[in-house]
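In order, the protein sequence lines correspond to chains A and B.
Convert by adding 1 to the 1-based position in the first sequence; the result is the number in my numbering.
Convert by adding 263 to the 1-based position in the second sequence; the result is the number in my numbering.
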Amino acid sequence: GAVVSQHPSRVICKSGTSVKIECRSLDFQATTMFWYRQFPKQSLMLMATSNEGSKATYEQGVEKDKFLINHASLTLSTLTVTSAHPEDSSFYICSARDGQDTEAFFGQGTRLTVV
Amino acid sequence: AQTVTQSQPEMSVQEAETVTLSCTYDTSESDYYLFWYKQPPSRQMILVIRQEAYKQQNATENRFSVNFQKAAKSFSLKISDSQLGDAAMYFCAYRGDSNYQLIWGAGTKLIIKP
Chain A
2 GAVVSQHPSR VICKSGTSVK IECRSLDFQA TTMFWYRQFP KQSLMLMATS
52 NEGSKATYEQ GVEKDKFLIN HASLTLSTLT VTSAHPEDSS FYICSARDGQ
102 DTEAFFGQGT RLTVV
Chain B
264 AQTVTQSQPE MSVQEAETVT LSCTYDTSES DYYLFWYKQP PSRQMILVIR
314 QEAYKQQNAT ENRFSVNFQK AAKSFSLKIS DSQLGDAAMY FCAYRGDSNY
364 QLIWGAGTKL IIKP
């Protein structure tokens with residue numbers, strides 16, 4: 002299957018700082034990327050959907066000014082958590098799909114801890 | 264709106280036995296896709312099996328098979344000859360034919376007893 006690489010796998014940052022998470026499709030062109038947040042022992046919560054070259058579509062309740070998503074190329078999308086607070090600590094997962102395949106492929110996830 | 268329900272928060276099975284995880288969904292669409300994903304402790308989401316709604320034949324991948332009942336909107340996962348490596352969270356997911364977003368169930372934690 003196709004490979005999606007997410008980096009970093011773990012990050013600790015100080016409250017008030019910003020942190021960027023990268024999601025790369027290594028062997029296919031990702032026309033659409035999805036960003037999820039997962040709380041402990043819970044399911045995935047979709048935060049936003051991004052299509053290459055256009056603005057991301059955010060789900061209701063997700064602050065677009067806090068969670069900046071950029072999908073500038075067909076192989077890279079980034080999620081920047083701005084002015085991070087301890088309540089932003091969570092597990093963030095990206096997934097990507099090309100225009101052909103039915104399924105989406107997932108990155109390894111990023112555990113963000115804000116101290 | 265589409266919904267996916269997994270009514271079993273946790274299931275346990277003896278190693279080498281068979282276990283079935285339940286999933287029901289609600290949709291008004293006629294064409295869609297259903298998936299089972301596995302999330303082991305590493306938290307990497309792994310596709311286990313998928314089913315296209317237009318196919319009557321149940322999907323099978325080695326020890327994993329589904330019982331897809333379209334009229335009943337049921338999509339259960341059967342794991343045969345359970346192995347210790349099967350221990351994980353299992354999520355059922357739905358995707359419409361025209362919308363690429365996945366709708367997720369709450370997940371079932373599968374415990375394998377040695």
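Each residue gets a CB set at the ideal place from its N, CA and C atoms; glycine is no exception.
For residue i and chain A, any beta-carbon pair shorter than 8 angstroms?
i	result
A369/B	yes
F306/B	According to the sequence provided, residue 306/B is Arg. The question's Phe does not apply to it. R306/B counts as touching chain A.
S310/B	Here the sequence assigns Leu to residue 310/B, which means Ser is not the residue at that position. So yes, L310/B belongs to the interface.
Y295/B	no
L365/B	yes
F354/B	yes
F298/B	yes
R243/B	The structure shown does not extend to residue 243/B, since chain B is modelled only from 264 to 377, so the question has no answer here.
Any C-beta of chain B sitting closer than 8 angstroms to the C-beta of residue i?
i	result
E104/A	yes
R92/A	Sequence check: residue 92/A is Phe here, not Arg. Judged by the 8 angstroms Cβ criterion, F92/A is in contact with chain B.
G17/A	no
F107/A	yes
R98/A	yes
S44/A	yes
T33/A	yes
G110/A	yes
T114/A	no
T81/A	no
T50/A	yes
L47/A	yes
Sorted by chain position, which residues of the same chain lie with C-beta nearer than 7 angstroms to residue i's C-beta, five sequence neighbours on each side aside?
i	result
S343/B	T281 and R326
H86/A	S16 and V115
T58/A	A49 and T50
So the beta strand (DSSP E) residue i belongs to, where does it begin and stop?
i	result
D289/B	T287 to D289
T33/A	T33 to Q39
A369/B	From DSSP, A369/B is part of no beta strand (DSSP E); its letter is neither H nor E.
V329/B	F327 to Q332
K301/B	Y295 to Q302
E315/B	I309 to E315
A351/B	A351 to G359
R112/A	T111 to V115
S275/B	E273 to Q277
R11/A	R11 to C14
T283/B	V282 to L284
Which same chain residues, not among the five before or five after residue i, have their C-beta less than 8 angstroms away from its C-beta?
i	result
I22/A	Q7, H8, P9, V12, T79, L80, T81, V82, Y93, C95, T111 and L113
I312/B	F298, W299, A322, T323, E324, F327, S328, V329 and L340
D99/A	A3, S26, F29, Q30, A31 and T32
M274/B	V282, L284, T371, K372, L373 and I374
Q271/B	L284, S285 and T371
Using a Cβ-Cβ cut-off of 6 angstroms (strictly less than) and excluding sequence neighbours within five positions of residue i, which residues of its own chain qualify?
i	result
M352/B	Q302, G370 and K372
L365/B	A356 and R358
I279/B	Looking at the sequence itself, residue 279/B is Ala, so the reference to Ile does not match. Answer for A279/B: D344, listed in chain order.
- Query: Are the segment 292 to 302 of chain B and the segment 52 to 66 of chain A touching by the rule of at least three beta carbon pairs closer than 8 angstroms?
  - Reply: no
- Continuous alpha helix (DSSP H) assignments of at least 4 residues falling wholly in the segment 51 to 106 of chain A: none
- Quick one: any contact between the segment 92 to 101 of chain A and the segment 270 to 289 of chain B, if contact means 3 or more CB pairs under 8 angstroms? no
- Cβ pair count under 8 angstroms reaching 3, the segment 106 to 116 of chain A against the segment 13 to 27 of chain A: yes
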